[in-house]
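Going by the UniProt record's numbering, the sequence shown opens with residue 1, and the numbers climb by one from there.
Glycine included, each C-beta is placed from N, C-alpha and C at the ideal position.
Just so it is clear, the structure is predicted and the values come from calculations on it, not from any experiment.
Remarks on the structure that follows.
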Amino acid sequence: MPQAIFQHIQHQIDTHPVMLFMKGDKLFPQCGFSARVVQILNHLGVPFETENVLATPEIRQGIKDFSQWPTVPQLYVKGEFIGGCDIVTDMYQSGELESLLAEKGIAKAAV
């Protein structure tokens with residue numbers, strides 16, 4: 001992976017407490033798995049940022065190389081790779097995701 005791509009990905013993860021690399025963006029997800037993770041994060045009411053991996057092929061491959069995880073979406077919380085859609089869904093259903101967000105100090109967005 002080119003150093004510039006690695007640095008861009010690392011910057012996004014370091015800059016945004018909750019960062020989702022996905023197909024599309026939080027306003028217009030472009031795959032069902034990405035839409036599911038966006039729906040979960042919105043339901044939990046936490047602020048998050050997204051990066052559309054479809055916009056840049058180098059980012060699309062780079063995020064997979066960065067995490068050594070073969071699929072998108074990929075969720076990061078306070079710099080920690082959490083997982084893809086299945087893991088996020090399981091954690092949400094068990095209450096573990098909400099607990100993790102609280103433990104990491106991620107406050108719900110003001111309404």
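Other residues of its chain near residue i: CB distance less than 6 angstroms, five sequence neighbours each side excluded
{"i": "ARG60", "result": "VAL53"}
{"i": "PHE66", "result": "ILE9"}
Residues near residue i in its chain [Cβ-Cβ closer than 7 angstroms; skip 5 each side]
{"i": "GLY83", "result": "LEU75"}
{"i": "GLN30", "result": "LYS23, GLY24, LEU54"}
N- and C-terminal bounds of the alpha helix (DSSP H) containing residue i
{"i": "ILE63", "result": "57-67"}
{"i": "PHE48", "result": "Element bounds for PHE48: n/a, residue is neither H nor E."}
{"i": "ALA102", "result": "96-103"}
Bridge partner(s) assigned by DSSP for residue i
{"i": "ASP25", "result": "PHE28"}
{"i": "VAL18", "result": "VAL77"}
Residues near residue i in its chain [Cβ-Cβ closer than 8 angstroms; skip 5 each side]
{"i": "ILE13", "result": "MET19, TYR76, GLY79"}
{"i": "MET91", "result": "ILE82, GLY83, LEU97, LEU100"}
Buried versus exposed call for residue i [16 or more other C-beta atoms within 10 Å across all chains shown]
{"i": "GLY62", "result": "buried"}
{"i": "PHE48", "result": "buried"}
{"i": "LEU27", "result": "exposed"}
{"i": "PRO2", "result": "exposed"}
{"i": "THR50", "result": "buried"}
{"i": "PRO73", "result": "buried"}
{"i": "SER34", "result": "buried"}
Limits of the unbroken beta strand (DSSP E) element including residue i
{"i": "VAL77", "result": "74-77"}
{"i": "ILE82", "result": "80-83"}
The segment 13-28 in contact with the segment 37-50 per 3-pair CB rule at 8 angstroms: Three or more beta-carbon pairs drawn from the segment 13-28 and the segment 37-50 are found closer than 8 angstroms, and the two stretches are therefore classed as touching.
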